[in-house]
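Beneath this line is the structure, given in structure tokens, with notes to follow.
2 protein chains.
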Amino acid sequence: MTSRAEQRRRTEERILAAARAMFAEVGYERTTIRAVAAAAGVDGGLVMHYFGSKHELFARAVRVAAEEPLEGSPADVAEAMLASLERRLADEPVGSLVVLRSMLTHDEAAEGFRAAALPRLEQLAAALQGPDAHLRAGLITAIVHGVIVERYLLHLAGLEEADPQRVVDLLRPCIRLLAGD
Amino acid sequence: MTSRAEQRRRTEERILAAARAMFAEVGYERTTIRAVAAAAGVDGGLVMHYFGSKHELFARAVRVAAEEPLEGSPADVAEAMLASLERRLADEPVGSLVVLRSMLTHDEAAEGFRAAALPRLEQLAAALQGPDAHLRAGLITAIVHGVIVERYLLHLAGLEEADPQRVVDLLRPCIRLLAGD
DNA sequence: GGTGCCGGTCAACGGTCGTAGGATGAGCGC
DNA sequence: GCGCTCATCCTACGACCGTTGACCGGCACC
């Protein structure tokens, strides 16, 4: 009972899932439309037909729901950042990686990432107390990104198989310190 | 009075400098031998003639002097890590970036990076006290990498133009905390 | 029940890349 | 001075990539 519209939606989603996985694993440049199509079990031409270009495919693949805004006391936002980190460490990492890995070599991905990350950085800085709020906000996000990069991109031992809960617990005093709590 | 050997040495160095800059800026895949050669003012064939392959060119470009080993009290190694970070923030960032950016999309670069980073991680873990020394060592290096990634690769505001000294001062309590000092 | 739309395939083009090999011309040892 | 070596350039090959357009077959509507 699959209507034609339904069939299309499914195929598109299959292509997007394959694209996300591949962008996350090997980055933008080494991801080829043909390989994505093959992984999704379709022809490369169809990917072009649906998404128009590799660039548009990437844009659609990384489109993700916005996170809820950061607000409250420094302790609150610190805890929110830690919770976000724990979530990203526990979940399958594709969502975090697809942007992070691709943006490092693909300018448009970098632009999109900054557009999404900057408001969040501003929210974080606004919630902090004391001097250098902006710099400290940057350091907090740097720590979060550093953990994800080291675990999923650099695959450096020590973090590779660590328990997310334990990582967050160890980081908590650091984040709170930087938050000025 | 430039002898032939001297001329060759200079040309090789010019090529390596151009390669380093380009690997650091756009990563391994988007760096082309022709572009490196053009930047160095020579022909692409010459690069092949000297280095044999793009892979070998990369290997030569990232070859760098090993840092002195980490040892001493937790406070000592914490300070050594901070000093290393400050140096990398103050110097021109090419040296730090060429490996970091390329390795994220190039498997062989990643392999080389791990080979260099793992012993250092072990040294760090060995110098720490208390439980979870390995994990805490991983977190410390994650923080260092996170700051560099955020400043030079993500170009996220807040760290982009921060004073290296101030960054290190803000991070010091965090690192010492994780070091178990 | 014909007919047009649409999900999907296939073959091809133009471009770029890594790489190979020949040509050239200037420096160096004898 | 002569011949060899080597730094350097030029051309070409094969592979692969993004992208295009023609083509096919079944579903849905009149």
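Residue numbers (the numbering used here), protein chains in the order written: chain A, 2 to 182; chain H, 2 to 182. No residue lacks a Cβ here, since even glycine has one placed at the ideal position from N, Cα and C. Computed from a predicted model, the values in this text were never measured in an experiment.
6 angstroms Cβ shell around residue i - same chain, five flanking residues per side excluded
i                     : result
residue 97 of chain H : 89, 149
residue 23 of chain H : 32, 37
residue 34 of chain A : 45, 48, 55
Unbroken alpha helix (DSSP H) run spanning residue i, endpoints
i                      : result
residue 54 of chain H  : Note, residue 54 of chain H: premise wrong, no alpha helix (DSSP H); not H, not E.
residue 124 of chain A : 108–128
residue 80 of chain A  : 75–91
residue 174 of chain A : 165–180
residue 98 of chain A  : 95–104
Sequence-distant residues of its chain with Cβ nearer than 8 angstroms to residue i (five each side left out)
i                      : result
residue 177 of chain A : 75, 76, 79
residue 175 of chain H : 144
residue 73 of chain A  : 81, 128
residue 154 of chain H : 98, 101, 102
Three-way DSSP call (helix, strand, coil) for residue i in this model
i                      : result
residue 32 of chain H  : coil
residue 162 of chain A : coil
residue 12 of chain H  : helix
residue 142 of chain H : helix
residue 131 of chain A : coil
residue 64 of chain A  : coil
residue 157 of chain A : coil
residue 42 of chain A  : coil
residue 69 of chain H  : coil
Residues of its chain near residue i, where Cβ-Cβ distance is below 7 angstroms and the 5 sequence neighbours each way are ignored
i                      : result
residue 56 of chain H  : 109
residue 179 of chain H : 137, 140, 141
residue 81 of chain A  : 71
residue 25 of chain A  : 95, 98, 99, 102
residue 86 of chain A  : 145, 148, 169
residue 52 of chain A  : 58, 61
Rounded Cβ spacing between residue i and residue j (contact assumed at less than 8 angstroms)
i                      : j                      : result
residue 20 of chain H  : residue 62 of chain H  : 4 angstroms
residue 30 of chain H  : residue 106 of chain A : 6 angstroms
residue 15 of chain H  : residue 41 of chain H  : 5 angstroms
residue 133 of chain A : residue 171 of chain H : 7 angstroms
residue 83 of chain A  : residue 173 of chain A : 6 angstroms
Three Cβ pairs or more, each shorter than 8 angstroms: is that satisfied between the region 118–136 of chain A and the region 104–122 of chain H? no
Closer than 8 angstroms is the cut-off here; do at least three beta carbon pairs connect the region 153–166 of chain H with the region 151–164 of chain A? no
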